[in-house]
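Going left to right, the sequence shown walks through residues 1 to 231 as the UniProt record's numbering numbers them. Beta carbons are placed, not taken as given, at the ideal position from N, Cα and C, and that holds for glycine. Note that the coordinates shown come from a computational prediction; the quantities given were computed from them, not determined experimentally. Working notes for the structure below.
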Amino acid sequence: MIHIAIVEDEEKYRKQLREYIEQYCEKSGKQIQTSFFQDGEDIIENYTADFDLIFMDIQMRFMDGMTAAREIRKLDKKVILMFIISIATYAIEGYEVDALDYILKPLSYNMFEQKLNRALLRVDGQEEHYFLIQTSEETLRIKVTEIHYIESHSHIMAYHLPDRILESRGRLDDLEEQLSPYGFYRSNRGYLINLHYVTGVSDGCCIIDGNMLPVSRRKKAEFMEKLSQIL
């Protein structure tokens, strides 16, 4: 059985989410146990790390969602976090606590179903995808989620991973086509970035692992739209 926590201080949204989950269970046949909390303080008190997914309102009266999420991450690295927000600009804050996604108020069932489906794929371990990188010495099978960004120099592709950089010959155009379904975006001629790892935007660049990666001026608006959608 899937265990979901709803952390929401507004009664109308708690009621709406309860109805949406009941509707989802009836439609999908899945069994979901739901626990409700009215504030961030309520969920972190005696937290037991037995939730698969937490829907967290980012704005609450006593302890806001980001503060609660930081505390939860100290205790639970695996639980899936999804923020409930009223303003899209809050979305980028979720990267700090590795949030999977967000739901924008006012809530609609179709959007809720889409987001919940994505989260449950992660719960079931079905969302992982792999990518083959042919270096000069070997062929490696790498998780797509391990690629933070790809840098192109004269047909040499440098794959930036958490612990190393792999180089392989190729074309960034081809990689863009293959990886765009997994949250990658061509920020300019020389970079293909994984939007999940963007931690900030400054001076015409996005920030990944402390590195300033250029975003072309003509793509800035589309980049910001894609970034808000990916969280």
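Within 10 angstroms of the Cβ of residue i, are there 16 or more other Cβ atoms? Answer buried if so, exposed if not.
| i | result |
| --- | --- |
| L132 | exposed |
| residue 241 | The chain is shown from 1 up to 231; residue 241 falls before or after that span and cannot be answered. |
| L121 | exposed |
| residue 260 | Residue 260 cannot be examined here, being either before or after the span of the chain that is shown, 1 to 231. |
| M82 | buried |
| E137 | exposed |
| Q126 | Model confidence at Q126 stands at a pLDDT of 47, short of 50, so the residue's coordinates are unreliable; what they give is reported in the following sentence. Classification of Q126: exposed, given that the 10 Å Cβ count is below 16. |
| A158 | exposed |
In the DSSP assignment, the alpha helix (DSSP H) including residue i goes from what residue to what residue?
| i | result |
| --- | --- |
| A158 | No alpha helix (DSSP H) contains A158, which is instead part of the beta strand (DSSP E) from 156-160. |
| I54 | It is not in any alpha helix (DSSP H) - I54 instead sits in the beta strand (DSSP E) that spans 53-57. |
| R186 | First-last for R186: 184-188, but that is the beta strand (DSSP E), not the alpha helix (DSSP H). |
Distance, Cα to Cα, residue i vs residue j?
| i | j | result |
| --- | --- | --- |
| D174 | R70 | 38 Å |
| I21 | I32 | 8 Å |
| M111 | S28 | 15 Å |
| Y102 | L192 | 23 Å |
| S108 | V123 | 22 Å |
| E19 | K220 | 38 Å |
| E96 | G204 | 21 Å |
| L227 | L195 | 6 Å |
| S216 | N188 | 5 Å |
Between which two residues does the beta strand (DSSP E) harbouring residue i extend?
| i | result |
| --- | --- |
| K143 | 139-143 |
| L166 | 165-169 |
| D209 | Neither: D209 is in no beta strand (DSSP E) and is coded neither H nor E. |
| I4 | 2-7 |
Taking DSSP as the reference, what is the three-state secondary structure of residue i?
| i | result |
| --- | --- |
| Q126 | Note that Q126 scores 47 on pLDDT, short of 50, meaning its location in the model is unreliable and no value can be drawn from it. |
| D174 | helix |
| V97 | helix |
| Q33 | strand |
| P106 | coil |
| S216 | coil |
Determine, using beta-carbon pairs with one atom in the segment 51-69 and one in the segment 139-157, whether at least three such pairs fall under 8 Å. no
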